[in-house]
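Same order as they appear, the protein sequences are chains A and B.
Remember, our numbering sits 79 above the position in the first sequence when you count from 1.
Remember, our numbering sits 21 above the position in the second sequence when you count from 1.
C-beta: ideal position from N, C-alpha, C; glycine also.
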Amino acid sequence: AQSVTQLDSHVSVSEGTPVLLRCNYSSSYSPSLFWYVQHPNKGLQLLLKYTSAATLVKGINGFEAEFKKSETSFHLTKPSAHMSDAAEYFCVVSGAGYNKLIFGAGTRLAVHP
Amino acid sequence: IAGITQAPTSQILAAGRRMTLRCTQDMRHNAMYWYRQDLGLGLRLIHYSNTAGTTGKGEVPDGYSVSRANTDDFPLTLASAVPSQTSVYFCASSVSTSGLNEQFFGPGTRLTVL
């Protein structure tokens, strides 16, 4: 079975400092992994996805994530946070069979001036 | 229309009432999905459809039904609403049900059942 654990429910950073949102996954086969972002009162938008190609995946708005099979991790990073990055971030693994997405509980990112 | 639209944006509903949440996509995607989002639980799949004319149950299907009469529309019906169905509901679509495909999400419907 597939599962996702986001290790932090809340992360707070200062504008201009690095962002690290942690995600561990469990999968019985090679997974597809995604990061989605949700701004307040909005739908979800795809940031990036890993589908067994390059292990370092670059996404939109300067975000990137590295797939580490040995650590079963897919952490999201950004070198310098911007105020507009404040949102909720979901790590997602693709499950077996139909295109079933299994969502983590989410990490709320706050960015302070 | 561009992408996925959902209606209504929000709704307050008395327990026991019937309610249909509407979802329309204009991307000609084969697969469509309904999720509910609850605090601390992320998104959970209610029902899905691989293609027009077929539907399937997700993780939390009880109390909900769906239909897929055509490619574009995927309504979600609560036959007799209960307070535990208070949630934010998201419709999504993807090109196909391959696990490689990105899902595109609508803006959501905030439903309150009293």
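Beta carbon of F153(A) nearer than 8 Å to that of G63(B): Locating residue 153(A) in the first sequence gives position 74, counting from the first residue. Locating residue 63(B) in the second sequence gives position 42, counting from the first residue. Contact flag unset, no.
Opposing strand residues paired with S152(A) [DSSP bridges]: Along the first sequence, read from residue 1 onward, the residue named residue 152(A) stands at position 73. Within the DSSP secondary-structure output, S152(A) pairs in a beta bridge with N103(A) and K147(A).
Interface residues of the stretch 115 to 131 of chain A facing chain B [CB-CB below 7 Å]: If the cut-off is 7 Å between Cβ atoms, the stretch 115 to 131 of chain A has K121, G122, L123, L125, K128 and T130 near chain B.
Within chain A, partners of G127(B) - CB distance below 7 Å: Against the second sequence, residue 127(B) aligns to sequence position 106. Going along chain A in sequence order, the residues near G127(B) (Cβ under 7 Å) are G122.
Cross-strand partners of F126(B) (DSSP beta bridge): Counting from one through the second sequence, the residue named residue 126(B) turns up at place 105. Partner(s): A113(B).
F142(A) and L125(A) closer than 8 Å at C-beta: Walking along the first sequence from the start, residue 142(A) turns up at place 63. Walking along the first sequence from the start, residue 125(A) turns up at place 46. It is not a contact, given that the beta carbons lie outside the stated cut-off.
Touch test, the stretch 44 to 59 of chain B against the stretch 128 to 140 of chain A, Cβ-Cβ under 8 Å, three pairs minimum: Result no; under three Cβ-Cβ pairs closer than 8 Å.
Chain A contacts made by the stretch 56 to 71 of chain B, where a contact means CB separation under 7 Å: So the list reads G61, L62, G63, L64, L66, Y69 and N71, given in the order they occur along the chain.
Within chain A, the residues that Q46(B) reaches when beta carbons sit closer than 9 Å: To locate residue 46(B), count along the second sequence from 1; it is residue 25. Residues of chain A passing the Cβ test: none, with the nearest at roughly 12 Å.
Under 9 Å from the C-beta of F111(B): neighbouring residues of chain A: Position 90 of the second sequence holds residue 111(B). In chain order: G122 and L123.
Integer Cβ distance of A36(B) from V116(B), believed to fall under 8 Å: Residue 36(B) sits at position 15 when you count from the first residue of the second sequence. Residue 116(B) sits at position 95 when you count from the first residue of the second sequence. Rounded, the Cβ-Cβ distance is 38 Å, inconsistent with contact.
Closest Cα partner of S119(B) within the set P110(A), S163(A) and A165(A): Residue numbering aside, residue 119(B) sits at position 98 when the second sequence is read from its first letter. Residue P110(A) is the option with its Cα nearest to S119(B).
N-terminal and C-terminal residue of the beta strand (DSSP E) that F182(A) is part of: What you label residue 182(A) is simply residue 103 of the first sequence in a count that begins at 1. Per DSSP, F182(A) belongs to the beta strand (DSSP E) from L180 to F182.
Proximal chain B residues relative to G185(A), where beta-carbon distance stays under 7 Å: What you label residue 185(A) is simply residue 106 of the first sequence in a count that begins at 1. Contacts between G185(A) and chain B, judged by CB atoms closer than 7 Å, involve G63 in chain order.
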